[in-house]
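Only one structure is covered here, and it is reproduced in the block below.
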Amino acid sequence: DTAVSQTPKYLVTQMGNDKSIKCEQNLGHDTMYWYKQDSKKFLKIMFSYNNKELIINETVPNRFSPKSPDKAHLNLHINSLELGDSAVYFCASSQDPPTGAYNEQFFGPGTRLTVL
Amino acid sequence: ILNVEQSPQSLHVQEGDSTNFTCSFPSSNFYALHWYRWETAKSPEALFVMTLNGDEKKKGRISATLNTKEGYSYLYIKGSQPEDSATYLCAANSGGSNYKLTFGKGTLLTVNP
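In structure tokens, the structure reads:
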């Protein structure tokens, strides 16, 4: 069974569209994350949720909105897609307390978003 | 802004060689240091998480050390094998950022048979 899954794996869309990426973890973890791998292959944190509550919200355009319906899911919705949004987006989860990232993070397979 | 620096950026070694990489991070308000192994077309996989100054961890031929006072960690690979070829990422949780892991740019290791 996949521990952290993301759908879709590939997403090709036109500029201006709205799209969502879904993430689910079956590890029973309390904390979930979204990372963006930029053009230089650098992993940057976007958001983090702990027990459905937003913990980290980095300087991300407000076109990006995470939603956590329950602690096993953290979806990423992107409005008005722009060319610069093209990247690989990774979801991750960990069993971390509210005090800090002390435990290893388990990453999903990534979603390659291409905006044309 | 938390800076996590890794060196070297890339490394080519021969099968059987031992090698090591460096990760440096701010030592103030340190919480944890993570090492991940990232193979091409896969997702990062955790190797170690270290929290205490002087920590040493080992997994097979790979080991890591941590110095929180001076802000660095070393990752060692003994007797490199071609399957060790990957990008090795370190990530620090410090500077009062709690959950936020700041990743370095990684060291790309290529082990030639």
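Line by line, the protein sequences give chains A and B.
Sequential numbering from 1 applies to the first sequence in the numbering used here.
Sequential numbering from 1 applies to the second sequence in the numbering used here.
All C-beta atoms in this analysis are idealised placements derived from N, C-alpha and C, irrespective of residue type, glycine included.
When the Cα of residue i is compared with those of the options, which residue comes out closest?
i               : options                      : result
A91 of chain B  : B:D55, B:F48, B:G54, B:I62   : B:F48
Q6 of chain A   : A:Q95, A:F106, A:H77, A:C91  : A:C91
T22 of chain B  : B:L33, B:N112, B:L52, B:E15  : B:L33
K59 of chain B  : B:Y72, B:V4, B:Y76           : B:Y76
Y89 of chain A  : A:L43, A:Q25, A:D96          : A:L43
N29 of chain B  : B:E5, B:G71, B:W35, B:P82    : B:G71
G16 of chain B  : B:N67, B:E5, B:S85           : B:S85
T126 of chain B : A:N51, A:T114, A:Q37         : Residue coverage of chain B in this structure runs from 1 to 113, which leaves residue 126 of chain B outside it and unanswerable.
E5 of chain B   : B:K100, B:S43, B:N112, B:Y74 : B:Y74
G131 of chain A : A:K41, A:S20, A:V4, A:K22    : Since the first and last residues shown for chain A are 1 and 116, residue 131 of chain A lies out of range.
L74 of chain A  : A:N26, A:T114, A:K40, A:V115 : A:N26
Q81 of chain B  : B:V111, B:E45, B:P44         : B:V111
L66 of chain B  : B:G106, B:Q9, B:W35, B:T107  : B:W35
S39 of chain A  : A:V115, A:G84, A:L116, A:Y49 : A:G84
P113 of chain B : B:G79, B:N93, B:K105, B:P44  : B:G79
In the DSSP assignment, the beta strand (DSSP E) including residue i goes from what residue to what residue?
i               : result
V13 of chain B  : 10-14
A86 of chain B  : 86-93
A92 of chain A  : 87-94
E5 of chain B   : 5-7
M32 of chain A  : 31-37
S20 of chain A  : 19-25
K105 of chain B : No beta strand (DSSP E) holds K105 of chain B; DSSP gives it neither H nor E.
M15 of chain A  : It is not in any beta strand (DSSP E) - M15 of chain A carries neither H nor E in the DSSP assignment.
Please work out which residues of its chain come closer than 6 Å, Cβ to Cβ, to residue i, disregarding the five sequence neighbours upstream and downstream, and give them in chain order.
i              : result
N79 of chain A : D18, R63
K52 of chain A : S68, K71
S7 of chain B  : T22
Among residues of its own chain, excluding the 5 on either side of residue i, which ones have a beta-carbon nearer than 8 Å to its beta-carbon?
i               : result
Q105 of chain A : Y33, A92, S93, S94
N103 of chain A : S94, Q95, D96
L11 of chain B  : T19, F21, T107, L108, L109, T110
S20 of chain A  : N75, L76, H77, I78
P44 of chain B  : Y36, R37, W38, L89
T13 of chain A  : K19, L81, L113, T114, V115, L116
Return the chain-ordered list of same chain residues with a C-beta closer than 7 Å to the C-beta of residue i, the five sequence neighbours on each side being excluded.
i               : result
M46 of chain A  : W34, Y35, K36, E58, V60, F64
K69 of chain B  : S27, N53
K57 of chain B  : F48, M50, S63, A64
E82 of chain A  : M15, V115
L113 of chain A : L11, D85, S86, A87, Y89
I56 of chain A  : I45, F47, S48
P109 of chain A : Q6, K9
A46 of chain B  : H34, Y36
Output the distance between the C-alpha atoms of residue i and residue j, rounded to the nearest integer angstrom.
i               : j               : result
A64 of chain B  : G16 of chain A  : 46 Å
P8 of chain A   : Y88 of chain B  : 26 Å
V115 of chain B : I62 of chain B  : This structure cannot speak to residue 115 of chain B, because chain B is shown only from 1 to 113.
F25 of chain B  : N3 of chain B   : 6 Å
A41 of chain B  : T111 of chain A : 11 Å
T31 of chain A  : Y49 of chain A  : 6 Å
E83 of chain B  : G104 of chain B : 22 Å
F107 of chain A : D55 of chain B  : 24 Å
W132 of chain B : L54 of chain A  : The requested residue 132 of chain B does not occur in the structure, where chain B is confined to residues 1 to 113.
I100 of chain B : T2 of chain A   : Looking at the sequence provided, one finds Lys at residue 100 of chain B rather than Ile. One C-alpha to the other measures close to 24 Å.
E24 of chain A  : P66 of chain A  : 13 Å
K22 of chain A  : K41 of chain A  : 21 Å
Does residue i have its Cβ less than 8 Å from a Cβ in chain E?
i              : result
L76 of chain A : Of the chains in the structure shown, none is chain E; the protein chains are A and B.
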